[in-house]
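There are 2 protein chains.
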Amino acid sequence: MAIPVQTFFLHPGATGTLQARIQQMVAEGVLSGRLRRGEKMPSTRALARHLGVSRLTVALAYTELLASDYLTSRQRSGHFISENAPAPAGFPPAARQERVDWARAIGQRFAGGAVPERPQDWASYRYPFIYGQTDPQLFDHASWRLCAVQALGARDFRAMTQDYYDRDDPELVEFITRQTLPRRGISARPEEVLITLGAQNALWLAAQVLLTPERTAALEDPGYPALRAILAQTRCRIAPVAVDAQGLPPEAIPDGTGVIFTAPSHQCPTSATLPMARREALLARARALDAIVVEDDYEFEMAYLTPALPALKSLDPDGRVVHVGSFSKSLFPGLRLGYLVGSEPFIREARALRAAVFRHPPGHVQRTAAHFLRLGHHDSLVRRIGRALTERRAVMEAEIARAGLTIAGVGAHGGSSFWMMAPPGIDTGALAETLRADSVLIEPGAPFFLRPDPPRGHYRLGYTSIPTDRIGPGITRIAEALARARGRG
Amino acid sequence: MAIPVQTFFLHPGATGTLQARIQQMVAEGVLSGRLRRGEKMPSTRALARHLGVSRLTVALAYTELLASDYLTSRQRSGHFISENAPAPAGFPPAARQERVDWARAIGQRFAGGAVPERPQDWASYRYPFIYGQTDPQLFDHASWRLCAVQALGARDFRAMTQDYYDRDDPELVEFITRQTLPRRGISARPEEVLITLGAQNALWLAAQVLLTPERTAALEDPGYPALRAILAQTRCRIAPVAVDAQGLPPEAIPDGTGVIFTAPSHQCPTSATLPMARREALLARARALDAIVVEDDYEFEMAYLTPALPALKSLDPDGRVVHVGSFSKSLFPGLRLGYLVGSEPFIREARALRAAVFRHPPGHVQRTAAHFLRLGHHDSLVRRIGRALTERRAVMEAEIARAGLTIAGVGAHGGSSFWMMAPPGIDTGALAETLRADSVLIEPGAPFFLRPDPPRGHYRLGYTSIPTDRIGPGITRIAEALARARGRG
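So the protein sequences, as listed, match chains A and B. Take 1 as the starting number for the first sequence in full-length UniProt numbering and just add one per residue. Take 1 as the starting number for the second sequence in full-length UniProt numbering and just add one per residue.
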């Protein structure tokens, strides 16, 4: 590779002759790892012109660098970083000496929160019972590509490249209001919709607008771990509410709650679906508390066994439900595309906050999704995923029963995971470690709990990313590991 | 268009016969504007199966809807929303009755900040002297498209679709550390770089990590208006520092300042470039204050007249400079891609905050930019933009001189705008309104100032988006409007 001449820079403040400074510049580049062995240096003429020095100065510097074996020259093809050049130091060059006390300079700390349990290289495991990743076999890659190319076309170019400031792609918003939300029973105007960078971002925006250190947020326990990191930033008070097999019990939401966070379609991680009667009761409780409900409509489109129940938002004439939707699960997580639906005064604040934080989700991503949705590809993708998961889920159920494992929670309409319970005395954190060595990935349950001394016996088995024919052998390995752990216990 | 059957929904809580509820559902859809005249209804068979009711019930409902002219039927092709169906009400259906006191429910307010002066339909004006939008004629659309398609290819698919959690695309980070930052004289390791959703997002993250209500931020006055909205959220104290023709005077930064925000390459809006001596003095002042400097390396790539000076970050052995870069200006604003460079403890906190707020910028956008940069398209684009702007800037200078207008500030290395001064007594806010009616867009200067009673005589003329042959006539119109305003004044 040729090293672009623009990457060379003489620091005006440096001392020494021009020639020495050029030599030092190259040597530092090699030692810092920026210039690599075998890469082609600019010609003496080009470098001289770029640096504004005489060509002779550069030629003399190159000669010295040849002598010290930083460079080699090849007949008629110029100078290259030598294969014998010193290896990069592996630490920052000596000139850098950190003089800032970052423990003091950092005003607010955010690091140290929940870290995902899933290894980055999950795809290299044979039995990945993990949650929420795309199965590349199911995704309609060709159609997505066509939509992306269309969104890159001349007609859409202006829409894609303009800075919307605080606006969204009108085509995507229109599709969501006219096609997506009606499937959840929700009728909303464009002013009541805000596009977000996935559900995570939607929950973050809602929390920032609605909460203060004086307000109390009711959270499902166990629940979505990332929500805690989000709420930590608002410094609000947190009221954990234990969920049961039917999800969040409305009567258990304490007095004084200002905002209720719930995932009624598919509770995370127990998979419970909030029944219709509880939906009505939850809204009545919110009305009595004069509280706002933030509905994370998590995995509603994974209702492939029975139709999804209407969203809480659809049952809410008061405007007290803020609805969070996402395309990250049904398209792919790296897409980072979701939406908030709520009353106009709320959306106005969330939009202003979004404008300050990052303005808007990239225009091209919004327009690509709009085309994909409009052409019906999303619908067929959801149907295809539903068919595949119906099959996998049946295999999961059969294999779990065969192996004698215990299901603790399961979605009424489908979903993509089982919430499991290990026999008494088994710590699923240790179990997950053991299984990992056997190329099996499971998710320990403890990180989902809010309580200080969480139960250690739960685990979650996702089936979006494991091929059907590996489910049986994978479940067998889990059962064997459990038997060994009990034998030792 | 055929209306998908999935968008129909019977609210379980509703009263009335099934047939009446189906009629009401369709009528409400029409009145809310969701179902539009001429759209095709699902067949009675499909709707009956979807709703789980008998086909006869649906057929009877359709008959009633035909009678009330909500629907029409066409021989052999089914039912359609009638062309005589009632028009949408233009207000939410009566069932929605907002019962939330949002003045109370909103915990934190974000709306009401600086609104951009630029009209959304700027492209329809003949003389748009606006700032920061892409000229579609200059952008290398074909190459960007190829890179996007490559990033959508099978090889990159996993990289694009995976949820990185808090990581970035390693290919983009590598390019930035090895190719982009060296052009600014900066050497950084991948752990010292964080990809952001544009410069706005980078500044927001830095402000959140570094500032608290007890700390003081020094800001350039006049300065980048969006920075004030960002800092408002940290509730920090703000020390405005008046800039002069050479940018921020380091000696004027008050004692007690904890964080200094500056745009040394191209001050916004005065276009001033911080000279080398001031760069050294600024770092010395920061060292004396033990302050952090946030360097917005705004428009460094627009140095087409003389090479850019090295970034502050490159002159900083202490690690006290946080560097903000962006591809939004040199590629296109809707891309929303930038980066933060800083010491590892700082980047770690910014990364954790980013993970809570939105996880990471979309993978596909990162990978597309990585390809575009790696293949050298960005370099040639910057060169092409530089050539075009050199020409336009010369025409601007000649026309401004010819028309007798006064330049108040100009970038030493190039840039894309002039900071102008109207004759005494003229309010450029009113001037901009007058010119707008004449199809000329200029930016009034007052919104850039921090002081409570800002001077009203400045305005900014951008030349990225106006064709060269329209510059002369546009400047003439500005001069005429100024002459008329003085005649009245």
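No residue lacks a Cβ here, since even glycine has one placed at the ideal position from N, Cα and C. In this text, all values refer to a predicted model and were calculated from it rather than measured experimentally.
Under the three-state DSSP convention, the category residue i falls into
i        : result
B:GLY334 : helix
B:ALA2   : strand
A:GLU299 : coil
A:ALA188 : coil
B:PRO310 : coil
A:TYR127 : strand
A:VAL209 : helix
B:LEU60  : helix
B:ARG320 : coil
A:ASP379 : helix
A:PRO240 : strand
A:PRO444 : strand
B:PHE91  : Low per-residue confidence applies at B:PHE91: pLDDT is 49, beneath 50, and the placement is therefore not dependable, though the value from the model is reported in the following sentence. Coil.
B:ALA85  : coil
A:GLU220 : strand
A:ALA226 : helix
B:ASP469 : helix
B:GLY52  : coil
A:ILE176 : helix
B:HIS360 : coil
A:GLN150 : helix
Buried versus exposed call for residue i [16 or more other C-beta atoms within 10 Å across all chains shown]
i        : result
B:SER77  : exposed
A:ASP296 : buried
B:ALA311 : buried
B:GLY52  : exposed
A:PRO119 : exposed
B:SER54  : exposed
A:GLU349 : buried
A:ALA105 : buried
A:ASN201 : buried
B:GLN75  : exposed
B:SER328 : buried
B:ALA94  : With a pLDDT of 46 at B:ALA94, under the threshold of 50, the modelled position of this residue cannot be trusted; read the value that follows with caution. That one is exposed.
B:PRO86  : exposed
B:GLN97  : exposed
A:GLU301 : buried
Counterpart residues of residue i in DSSP-defined beta bridges
i        : result
A:PRO170 : Paired residue(s): none; A:PRO170 is not in a bridge.
A:LYS40  : A:ALA2 and A:PHE80
B:HIS458 : B:MET421
B:TYR339 : B:ILE195 and B:GLY325
B:SER73  : B:HIS79
A:GLY409 : A:TRP419
Within chain B, the residues that residue i reaches when beta carbons sit closer than 8 Å
i        : result
A:THR212 : GLY107 and GLN108
A:TRP204 : ALA356, VAL357 and PHE358
A:VAL209 : ILE106, GLY107, GLN108 and PHE110
A:ASP168 : Ordered by position in chain B, no residue passes the 8 Å Cβ test against A:ASP168, which lies about 12 Å from the chain.
A:PHE9   : PRO182, ARG183, ARG184, GLY185, PRO310 and SER314
Chain-ordered chain B contacts of residue i [CB-CB under 7 Å]
i        : result
A:GLN6   : ARG183
A:ALA111 : ARG348, GLU349 and ALA352
A:ASP229 : Residue 229 of chain A is actually Ala in this sequence, not Asp. Simply ALA356.
A:SER32  : SER187
Proximal residues of chain A, C-beta to C-beta of residue i below 9 Å
i        : result
B:PHE346 : VAL100, TRP102, ALA105 and ILE106
B:ASP379 : PRO4 and GLN6
B:LEU152 : HIS141, TRP144, ARG145, ALA148 and VAL149
B:ARG55  : Near B:ARG55 there are no residues of chain A at all, since even the closest Cβ is about 18 Å away, more than 9 Å.
Under 8 Å by beta carbon: chain A residues contacting residue i
i        : result
B:SER343 : GLU98, VAL100 and TRP102
B:GLY198 : PHE358 and ARG359
B:ILE292 : VAL100 and ALA105
B:VAL365 : PRO362, HIS364 and VAL365
Residue i: contacting residues in chain B (beta-carbon distance under 9 Å)
i        : result
A:PRO254 : Under the 9 Å cutoff, chain B gives no residues; its nearest Cβ is about 18 Å from A:PRO254.
A:LEU441 : None at all; the shortest Cβ gap to chain B is about 15 Å.
Any non-hydrogen atom of the ligand MN within 8 Å of residue i CB
i        : result
B:HIS364 : The model on display carries no ligand, and the ligand MN is accordingly not part of it.
Would you mind listing the alpha helix (DSSP H) stretches within the segment 247-307 of chain A that are 4+ residues and don't spill past its ends, in chain order?
Listed in chain order, the alpha helix (DSSP H) runs fully inside the segment 247-307 of chain A are 276-289, counting runs of at least 4 residues.
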